[in-house]
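Colleague:
Residue numbers (this note's numbering), protein chains in the order written: chain U, 444 to 594; chain A, 1220 to 1450.
(1) Excluding the 5 residues flanking residue 1385 of chain A on each side, which residues of the same chain have their C-beta closer than 8 Å to its C-beta?
(2) Cα separation between residue 1234 of chain A and residue 1227 of chain A?
(3) Between which two residues does the beta strand (DSSP E) carrying residue 1279 of chain A extend?
(4) What in chain U is Cβ-close to residue 1228 of chain A, meaning under 7 Å?
(5) My guess is that residue 1286 of chain A and residue 1318 of chain A are in contact by the Cβ rule of under 8 Å, so how many angstroms apart are they, rounded?
(6) Less than 8 Å between the beta carbons of residue 496 of chain U and residue 569 of chain U, yes or no?
(7) Check for me: the beta strand (DSSP E) holding residue 1291 of chain A runs from which residue to which?
(8) Against chain A, with Cβ distances strictly below 8 Å, would residue 563 of chain U count as a contact?
(9) Buried or exposed: which applies to residue 564 of chain U, given that a residue is buried once 16 or more other Cβ atoms fall within 10 Å of its Cβ?
(10) So, under 8 Å CB-CB, residue 1414 of chain A and residue 1293 of chain A are touching, yes? Tell me the CB distance rounded to an integer number of Å.
(11) Please confirm whether residue 479 of chain U has its beta-carbon closer than 8 Å to some beta-carbon of chain A.
(12) Tell me whether residue 567 of chain U sits in a helix, a strand or coil according to DSSP, three-state version.
(13) Nearest to residue 1405 of chain A by alpha carbon, out of A:1277, A:1283, A:1444, A:1221?
(14) Write down the C-beta distance between residue 549 of chain U and residue 465 of chain U rounded to the nearest angstrom, noting that I regard them as a contact closer than 8 Å.
(15) How big is the Cα-Cα spacing for residue 520 of chain U and residue 471 of chain U?
(16) Please report how far the alpha carbon of residue 1443 of chain A lies from the alpha carbon of residue 577 of chain U, in whole angstroms.
(17) Just curious, the alpha helix (DSSP H) that residue 1419 of chain A is in, first and last residue?
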């Protein structure tokens, strides 16, 4: 009886944890969609009163083989949302893949922050929002996974 | 139901994401609706409600005031896309001659570009000696040479000498109230027209979408606006 109650509590806390990850990934997804549209419509290459994004998005680092980096980011956030949603409903493999994807996103974010600070010499506030979301996701996943996995 | 719920959520988010992307893209590339084919004054058409500031008078303009097409550029000499637009507008000027009037308005993006204001001052000071366009061309054509410089004053003085300005007067005028006022008035006009970045170009008072500033698209818009031609 006690074991069943403990099991239910564990499932409930795991669902809450994955729901938080899914909701946060939606913020990153919205931000990436906005940046993608800025990139593909050419608005990013116009000089604007708000500094930074035009310099960052018009740099050669804003696309990988012609694919806007923001679009790849949108794909990554959608993947995180999908995996977190599946994990919240008990798909264990999704939980493991989530850790992997967030880890790759965190490393990519560090690289992009380095490029903005030391190569492009400009920070784009929407890119910084995405970086903040990814770092927060990493912290939540790192802390939460331990709690979820604990017996 | 619980079995399908996560997949339904994923599909719903994908649909919303694609829909939002499609809507934002459509909004961003909205074409100039019903471009006038005849002469429309540069000022009133763009923003029917609210007052539009006239800008510095007289404006820096190439081409006759009664030209059927007026292109009004809000530019920042340090902005790279403005530098890229410069040769295109020169081409338009050559190709269309007296049928197109090109107006330049100062819109230095401070503090985004640290030397933009100094460049605007230099151009306006040259304008007081009747050589605005010479300095305008010099600044755009040598943009890469000065935009990373620490002190641009000596560079601009060099340009002033090269285009044959009275250097002492240029130095005095660069910091004069009249120059400051002209830049301020152009900026005020830009703000009243809701200009948010550079280059922003108005064709007969209607803003040309940024992606239509490519030379071929610009030619098509100009030709469509000339009397006797239809798009």
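All C-beta atoms in this analysis are idealised placements derived from N, C-alpha and C, irrespective of residue type, glycine included.
Modeller: On the basis of the data shown:
(1) Here residue 1385 of chain A is taken as the residue at index 166 of the second chain, counted from 1. So the list reads 1348, once near-sequence residues are dropped.
(2) Your numbering for residue 1234 of chain A matches position 15 in the second chain. Your numbering for residue 1227 of chain A matches position 8 in the second chain. The alpha-carbon atoms of residue 1234 of chain A and residue 1227 of chain A are separated by roughly 10 Å.
(3) Counted from its first residue, the second chain places residue 1279 of chain A at position 60. Per DSSP, the continuous beta strand (DSSP E) segment holding residue 1279 of chain A begins and ends at 1279-1281.
(4) Along the second chain, read from residue 1 onward, the residue named residue 1228 of chain A stands at position 9. The answer, in chain order, is 528.
(5) For the purposes of this step, residue 1286 of chain A is taken as the residue at position 67 of the second chain. For the purposes of this step, residue 1318 of chain A is taken as the residue at position 99 of the second chain. At roughly 6 Å, the Cβ-Cβ gap stays under 8 Å, so residue 1286 of chain A and residue 1318 of chain A are in contact.
(6) Along the first chain, one-based indexing puts residue 496 of chain U at 53. Along the first chain, one-based indexing puts residue 569 of chain U at 126. Contact flag set, yes.
(7) Position 72 of the second chain, counting from 1, holds the residue named residue 1291 of chain A. Where residue 1291 of chain A is concerned, the enclosing beta strand (DSSP E) stretches over 1288-1294.
(8) Position 120 of the first chain, counting from 1, holds the residue named residue 563 of chain U. Taking Cβ atoms only, chain A never reaches closer than 8 Å to residue 563 of chain U, which makes this a no.
(9) Looking up residue 564 of chain U in the first chain gives position 121. With fewer than 16 other Cβ atoms within 10 Å, it is exposed.
(10) Residue numbering aside, residue 1414 of chain A sits at position 195 when the second chain is read from its first letter. Residue numbering aside, residue 1293 of chain A sits at position 74 when the second chain is read from its first letter. With a Cβ gap of about 5 Å, residue 1414 of chain A and residue 1293 of chain A count as contacting.
(11) Translated into positions along the first chain, residue 479 of chain U becomes position 36. With 8 Å as the cut-off, residue 479 of chain U counts as an interface residue toward chain A.
(12) Reading the first chain from its first residue, position 124 is the one you call residue 567 of chain U. Coil.
(13) For the purposes of this step, residue 1405 of chain A is identified with residue 186 of the second chain, where counting begins at 1. Cα-wise, what sits closest to residue 1405 of chain A is A:1277.
(14) Within the first chain, residue 549 of chain U is the residue found at index 106, counting from 1. Within the first chain, residue 465 of chain U is the residue found at index 22, counting from 1. With a Cβ gap of about 17 Å, residue 549 of chain U and residue 465 of chain U do not count as contacting.
(15) Locating residue 520 of chain U in the first chain gives position 77, where the first residue counts as 1. Locating residue 471 of chain U in the first chain gives position 28, where the first residue counts as 1. One C-alpha to the other measures close to 6 Å.
(16) Here residue 1443 of chain A is taken as the residue at index 224 of the second chain, counted from 1. Here residue 577 of chain U is taken as the residue at index 134 of the first chain, counted from 1. Each residue's Cα considered, the two are about 48 Å apart.
(17) As a first step, residue 1419 of chain A is located in the second chain; it is residue number 200 there, counting from the start. Careful: residue 1419 of chain A lies outside any alpha helix (DSSP H), inside the beta strand (DSSP E) at 1419-1422.
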